[in-house]
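Asker: Here it is, the structure in full.
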Amino acid sequence: MNRVPTSERNSGSDLIPMELLSSSDADISRAAAALACGRLVAFPTETVYGLGGDAFNVNALARIFEAKNRPFFDPLIIHIARMEDLDRLVFWDSLDSRAVKKFSLLAKNFWPGPLTFILPKLPKLPDLANAGLPSAAIRFPSNPVAQQLIKLSGGPVAAPSANAFGCLSPTRAEHVVSQLGNKVDFIIDGGRSGIGLESTVLDLTAEPPRLLRPGGLSREQIEAVIGAVEIPAQQPGAGAQKSPGQLKSHYAPLTPLCLYPSGGLNSLPPLPGEGRLYFSPQGFSTGNESGSISGSIIENKQSGVPFRILSERGDLVEAAANFFDMLHELDKLGLEIIRAEEAPPYGLGAAINDRLRRACSN
Ligand code: TXA
Ligand code: MG
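Here it is as structure tokens:
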């Protein structure tokens, strides 16, 4: 266990340094006890790391927004680790019977896992958790560390992704340390997030259901179980969001990012200070790469441009798992610009392209 001293703490918290915990039973128990006392714990999930606080504790909820510098109009996802906990959150009586059926089918097929449902909420869930909306976002993560933590803490845990608002989502504990280190009480290191993209958000208060955020479960997988879903048009502007966190600029690296169609990077002459993110080796001429220049970043032998490839075999699941990780790596190089190419537009490629467009500054 490493203590990371902090020079400054936000208001409302004691002068206790953040502690980096392992995923041992003893450490998870400590973190769960802290959650139950209203403290903030960043923890691994199969999608990305979450910044957790007790969903029924308004002080903890307020600290989540403060730590992330997140606007209060952007509602949080509530995480459960027992199906019984749904009854503490969901106002079932106000849900259409078709939606109840779709919920059961989807939960049976995909929970625990990377699918978040928007469901009508009970009034006792504090408005702060869900921006005063009549609905709440609810997810049952499959990561065993997350499950153990939530269960031991005794209750639903509100947890947005554990990054500063608008920045790249964390897929490793070290990403959380560098973005939020001095603003949380504990960070559990559970290794790299396997899926690597946030959960898919599906609104079951609408008929047909609306896919508000493409994510770790593809539209095709959902439609194979419940039939057609609707993709709403982008809703610009502030105000409590019906279409979730989908502010146009989001998930952005510090380095400006430009996006090109699949294969479109290949013919471009290099720019000074650029780095590239390819979807697969088909996006560029092979044979020119040299050895590692930083971590797993490689460099084009002829042009000297550092680059990464999301999936050597052009596999969407592998590409999704690498996506934020590789953007974090490129972002650390101090480049002038990152040029990226789109993934194929189906399956998890839809979620990768959604994140790329929001990260894009052109
Ligand atoms: O994979 C994930 O979903 C991760 C991990 C930690 O579970 N969490 C995550 O949370 O991505 P966050 O806060 O970064 O994204 C939550 C999304 C936001 O886009 C938010 O606007 C939307 O869910 N959301 C939450 N409550 C909503 C509601 N009642 N209606 C519509 N959208 C909602
Ligand atoms: Mg987020």
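Going by the numbering used here, the letters in the sequence shown line up with residues 915 to 1276, in that order.
Heads up, the beta-carbon is just placed ideally off N, CA and C, and yes, glycines get one too.
So, do the stretch 1021-1030 and the stretch 1121-1133 have three or more beta carbon pairs nearer to each other than 8 angstroms?
Answerer: The stretch 1021-1030 makes contact with the stretch 1121-1133: 3 or more CB pairs, one atom from each, lie closer than 8 angstroms.
Asker: Tell me the start and end of each unbroken beta strand (DSSP E) in the stretch 1039-1119 that is at least 3 residues and wholly inside, in chain order.
Answerer: Positions of the beta strand (DSSP E) runs, each at least 3 residues long and wholly inside the stretch 1039-1119, are given as 1049-1053, 1100-1102 and 1114-1117 in order along the chain.
Asker: Have a look at T1119, A1264 and G1141 and flag the residue whose alpha-carbon is nearest the alpha-carbon of L1033.
Answerer: Start at 1 with the first residue of the sequence shown, and residue 1033 comes out as number 119. Nearest C-alpha to L1033: T1119.
Asker: Do A956 and V1098 come within 8 angstroms of each other at the CB atom, strictly closer than that value?
Answerer: As a position in the sequence shown, residue 1098 is number 184, starting the count at 1. As a position in the sequence shown, residue 956 is number 42, starting the count at 1. Yes, the pair counts as a contact, with Cβ atoms nearer than the cut-off.
Asker: When you compare only the Cα positions, how much space is there between G1189 and F970?
Answerer: Within the sequence shown, the letter at position 275 stands for residue 1189. Within the sequence shown, the letter at position 56 stands for residue 970. Approximately 44 angstroms, taken between the alpha carbons.
Asker: Using the DSSP secondary-structure output, state which residues sit across from A1254 in a beta bridge.
Answerer: To locate residue 1254, count along the sequence shown from 1; it is residue 340. Per DSSP, L1173 and L1191.
Asker: Within 10 angstroms of the Cβ of G1209, are there 16 or more other Cβ atoms? Answer buried if so, exposed if not.
Answerer: Within the sequence shown, numbered from 1, the residue matching residue 1209 stands at position 295. Since pLDDT at G1209 reaches only 48, below the 50 mark, its modelled position is unreliable, and the value read off the structure follows with that caveat. Answer is exposed; the Cβ neighbour count stays below 16.
Asker: Leaving out five residues on either side along the sequence, give the residues of the same chain with a beta carbon under 7 angstroms from the beta carbon of F1005.
Answerer: On the sequence shown, position 91 is the one that residue 1005 refers to. Closer than 7 angstroms at the Cβ level, and outside the excluded window around F1005, lie P1034, K1035 and L1036.
Asker: Out of curiosity, what's the CA-to-CA distance linking L1249 and T1114?
Answerer: On the sequence shown, residue 1249 is found 335 positions in, with the first residue counted as 1. On the sequence shown, residue 1114 is found 200 positions in, with the first residue counted as 1. Each residue's alpha carbon lies about 31 angstroms from the other.
Asker: Would you tell me roughly how many angstroms separate the C-alpha atoms of F1031 and G952, rounded to the nearest one?
Answerer: Counting from 1 along the sequence shown, the entry for residue 1031 is found at position 117. Counting from 1 along the sequence shown, the entry for residue 952 is found at position 38. Cα to Cα, F1031 sits roughly 25 angstroms from G952.
Asker: Cβ-heavy atom distance between S1225 and the ligand MG below 7 angstroms?
Answerer: Counting from one through the sequence shown, the residue named residue 1225 turns up at place 311. No, the beta carbon of S1225 sits no closer than 7 angstroms to any heavy atom of the ligand MG.
Asker: What does a CB cutoff of less than 7 angstroms around N1023 pick up in its chain, not counting 5 residues either side in sequence?
Answerer: Your numbering for residue 1023 matches position 109 in the sequence shown. Closer than 7 angstroms at the Cβ level, and outside the excluded window around N1023, lie V1139.
Asker: Round the Cβ separation of V972 and L1042 to the nearest angstrom and send it over; I've been treating them as touching at under 8 angstroms.
Answerer: Position 58 of the sequence shown, counted from the first residue, corresponds to residue 972. Position 128 of the sequence shown, counted from the first residue, corresponds to residue 1042. Yes, V972 and L1042 are in contact; Cβ-Cβ is about 5 angstroms, under 8 angstroms.
Asker: Need the endpoints of the beta strand (DSSP E) that I992 sits in, please.
Answerer: Position 78 of the sequence shown holds residue 992. Going by DSSP, I992 is part of the beta strand (DSSP E) stretching over I991 to H993.
Asker: Expressed to the nearest angstrom, what Euclidean distance is found between the alpha-carbon atoms of G1228 and A1234?
Answerer: Locating residue 1228 in the sequence shown gives position 314, where the first residue counts as 1. Locating residue 1234 in the sequence shown gives position 320, where the first residue counts as 1. Looking at the two C-alpha atoms, the distance is approximately 11 angstroms.
Asker: Tell me whether L1019 is buried or exposed, calling it buried when 16 or more other Cβ atoms sit within 10 Å of its Cβ.
Answerer: What you label residue 1019 is simply residue 105 of the sequence shown in a count that begins at 1. So L1019 ends up on the exposed side.
Asker: State yes or no: is the C-beta of A1073 within less than 8 angstroms of the C-beta of P1084?
Answerer: One-based indexing of the sequence shown puts residue 1073 at position 159. One-based indexing of the sequence shown puts residue 1084 at position 170. Between A1073 and P1084, the CB-CB gap reaches or exceeds 8 angstroms.
Asker: Is P1074 close to the ligand MG? I mean its beta-carbon at under 7 angstroms from any heavy atom of the ligand.
Answerer: Translated into positions along the sequence shown, residue 1074 becomes position 160. Because some heavy atom of the ligand MG lies under 7 angstroms away, the Cβ of P1074 counts as near it: yes.
Asker: Under the rule that 16 or more other beta-carbon atoms within 10 Å means buried, what is A1147, buried or exposed?
Answerer: The count along the sequence shown starts at 1 and reaches residue 1147 at position 233. It is exposed - the Cβ of A1147 has fewer than 16 other Cβ atoms within 10 Å.
Asker: Taking its Cβ as the centre, do 16 or more other Cβ atoms sit within 10 Å of N924, making it buried, or is it exposed?
Answerer: Taking the first residue of the sequence shown as 1, we reach residue 924 at position 10. Low per-residue confidence applies at N924: pLDDT is 40, beneath 50, and the placement is therefore not dependable enough to give any value.
Asker: Assuming contact is defined by CB atoms lying nearer than 8 angstroms, are L1262 and L1111 in contact in what I supplied?
Answerer: The count along the sequence shown starts at 1 and reaches residue 1262 at position 348. The count along the sequence shown starts at 1 and reaches residue 1111 at position 197. Here L1262 is near L1111, since their CB atoms are less than 8 angstroms apart.
Asker: Does any residue of chain C bring its CB to less than 8 angstroms from the CB of K1016?
Answerer: Here chain C cannot be found, since the structure has a single protein chain.
Asker: So P1222 is in the beta strand (DSSP E); what residue range does that whole segment cover?
Answerer: For the purposes of this step, residue 1222 is taken as residue 308 along the sequence shown, with counting starting at 1. It is Arg, not Pro, that sits at residue 1222 in the sequence shown. That run of the beta strand (DSSP E) goes P1220 to I1223.
Asker: Let's test the definition: count the other Cβ atoms within 10 Å of the Cβ of I1052 and tell me whether it reaches 16, buried, or not, exposed.
Answerer: As a working mapping, residue 1052 is identified with position 138 in the sequence shown. Under this definition I1052 is a buried residue.
Asker: Going by other Cβ atoms of all chains shown within 10 Å of its Cβ, with 16 needed for buried, is E1121 buried or exposed?
Answerer: As a working note, residue 1121 is residue 207 in the sequence shown. Exposed: under 16 other Cβ atoms inside 10 Å.
Asker: Report all residues from its chain with a CB closer than 8 angstroms to the CB of L1244; omit the five preceding and five following residues, and keep chain order.
Answerer: Position 330 of the sequence shown, counted from the first residue, corresponds to residue 1244. The answer, listed in chain order, is P1167, T1169, G1189, L1191, I1211, P1220, R1222 and I1252.
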